[in-house]
Amino acid sequence: MQRELVEKISLTQLFILVSAFLFGSAIVVGIGGEAKQDSWIAVIVACLLSIIPVWFYTFLLSRIPEKNLFEIMEIVLGKVISKVFILLYILYFFYVSARVLRDFGELIVGDMLVNTPIEVISITFMLFVAYILYLGLEVLGRFSEIYAPYLMGSIFAIGILLLFSRELHVKNVMPILPEGIGPVIGTVFPELITFPFGELVAFMMILPYASKVRYAGKTTIFALIVSGLILAYSSFVQIATLGPEAKLRSKFPLLTATGEISLWDFIERVDLIIIFVVMFGILVKVSIFFYGGLKGLELVFNRPYRAFIYPMAMIIAFMSIIISKNFAEHISEGISMVPWIIHFPFQFGIPLLLFPFVLWKAKVLKSEGKKR
12 MQRELVEKIS LTQLFILVSA FLFGSAIVVG IGGEAKQDSW IAVIVACLLS IIPVWFYTFL
72 LSRIPEKNLF EIMEIVLGKV ISKVFILLYI LYFFYVSARV LRDFGELIVG DMLVNTPIEV
132 ISITFMLFVA YILYLGLEVL GRFSEIYAPY LMGSIFAIGI LLLFSRELHV KNVMPILPEG
192 IGPVIGTVFP ELITFPFGEL VAFMMILPYA SKVRYAGKTT IFALIVSGLI LAYSSFVQIA
252 TLGPEAKLRS KFPLLTATGE ISLWDFIERV DLIIIFVVMF GILVKVSIFF YGGLKGLELV
312 FNRPYRAFIY PMAMIIAFMS IIISKNFAEH ISEGISMVPW IIHFPFQFGI PLLLFPFVLW
372 KAKVLKSEGK KR
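Structural data, given as structure tokens:
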């Protein structure tokens, strides 16, 4: 007898998934570096502004209830035209999955398993992701509940340990806004508004499966605000420890900062523990994007998404390896090309294009319901 996939998550699980998703690679590679010592301010501004697109995503979903983004496309655009947009989103979701996986691979081979080929890391990680999603979305939600306290606790523990290690220097964060608000705005648009906050567009594939859908939007926005404040706190700690220039130069500023922790010649090398904890955020982010792409394949080919899981997992692992020649190129593309050419159309362009069609179709469906 074939195991039935469970696709329902509680609001608590949704909150944790959104939070871990936003931490993901953002807390590892660092965000807002171009704003220098004001990067924590840029993160807060971007977080608050991101409430608008996230509210917009939930509004679109509420017009045609219990349908995900792709199902709404099919309803309002028709099967033929919608398939074009769905296929584009599938490519987008899989591409971002590969980018996030590359972040994780570089982190592991660069700081922990230095003699291990990145191919081994990528394939092993994707097999684990595939196995979780094969069991259903609820399994990912339950897994997140178990791991979440370690993620949250470790982030706050870093600041406390650095404080007791006397490595936090508030002077590194001063002066505030020395060049005015310009650098902050320049960092918010397009970098921070698209990464990591705009990537919540992927949750248009998840929100319909919340156990209490009517509260899913509010839960997502609450998780966005909490996560944004924690990311700002992390950015503040990194700057206070390393200074703005060193943070900008560092491949993984959070790990570099935690490497400074040394208490009583006993508590050291905390960065290795952080890697295991941060792994959870990466896992959730890859899983959400991967799941979104799989649900697209399910709709296009009219087959259960788990039929595609393992083949596509191997393709994502391969994509993460060939996506760029080295980590420097990977980061450069992520800053200069990806926000405008890739993120912006899928996070804002297409949803805005759908908006009038969704309103029209919702009105038609409502009038048809009254006639019945």
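Quick note on numbering: the sequence shown equals residues 12 to 383 in the working numbering. Idealized CB from N, CA, C, for every residue including glycine.
Coil, strand or helix - residue i by DSSP
i: residue 307; result: helix
i: residue 35; result: coil
i: residue 12; result: Residue placement at residue 12 is flagged as unreliable, the pLDDT there being 34, under the threshold of 50; a coordinate-derived value is accordingly withheld.
i: residue 264; result: helix
i: residue 78; result: coil
i: residue 336; result: coil
i: residue 290; result: helix
i: residue 201; result: helix
i: residue 341; result: helix
i: residue 354; result: helix
i: residue 206; result: coil
i: residue 377; result: helix
i: residue 116; result: helix
i: residue 30; result: helix
i: residue 178; result: coil
i: residue 127; result: coil
i: residue 314; result: coil
i: residue 360; result: helix
i: residue 188; result: coil
i: residue 348; result: coil
i: residue 41; result: coil
Where the alpha helix (DSSP H) through residue i begins and ends
i: residue 237; result: 227-253
i: residue 320; result: 320-333
i: residue 68; result: 62-74
i: residue 161; result: 148-175
i: residue 194; result: 193-198
Sheet register partners of residue i (DSSP bridge)
i: residue 20; result: 221
i: residue 274; result: 278
i: residue 121; result: Answer by DSSP bridge pairing: none, since residue 121 is not bridged.
Minimum C-alpha distance to residue i - residue among the options
i: residue 41; options: 353, 342, 377; result: 342
i: residue 295; options: 279, 31, 117, 60; result: 31
i: residue 334; options: 80, 114, 29; result: 114
i: residue 360; options: 68, 147, 22; result: 68
i: residue 240; options: 28, 18, 57; result: 57
i: residue 101; options: 372, 319, 366, 371; result: 319
i: residue 135; options: 121, 116, 146, 242; result: 116
i: residue 346; options: 290, 155, 259, 306; result: 259
i: residue 50; options: 376, 187, 369; result: 187
i: residue 327; options: 91, 46, 140; result: 140
i: residue 329; options: 138, 211, 314, 305; result: 138
i: residue 144; options: 80, 305, 176, 162; result: 305
i: residue 338; options: 120, 23, 25, 35; result: 120
i: residue 128; options: 364, 332, 368; result: 332
i: residue 250; options: 236, 33, 266, 64; result: 266
i: residue 77; options: 374, 336, 217; result: 217
i: residue 63; options: 164, 209, 238; result: 209
i: residue 111; options: 34, 229, 47, 60; result: 34
i: residue 2; options: 248, 226, 379, 198; result: As displayed, the chain neither begins before 12 nor continues past 383, which places residue 2 out of reach and without an answer.
i: residue 205; options: 307, 61, 289; result: 61
i: residue 156; options: 307, 21, 180, 107; result: 21
i: residue 162; options: 298, 19, 284, 348; result: 284
i: residue 150; options: 376, 28, 307; result: 28
Chain D contact for residue i (CB, 7 angstroms cutoff)
i: residue 226; result: Annotation note: the requested chain D is absent from the structure, which comprises a single protein chain.
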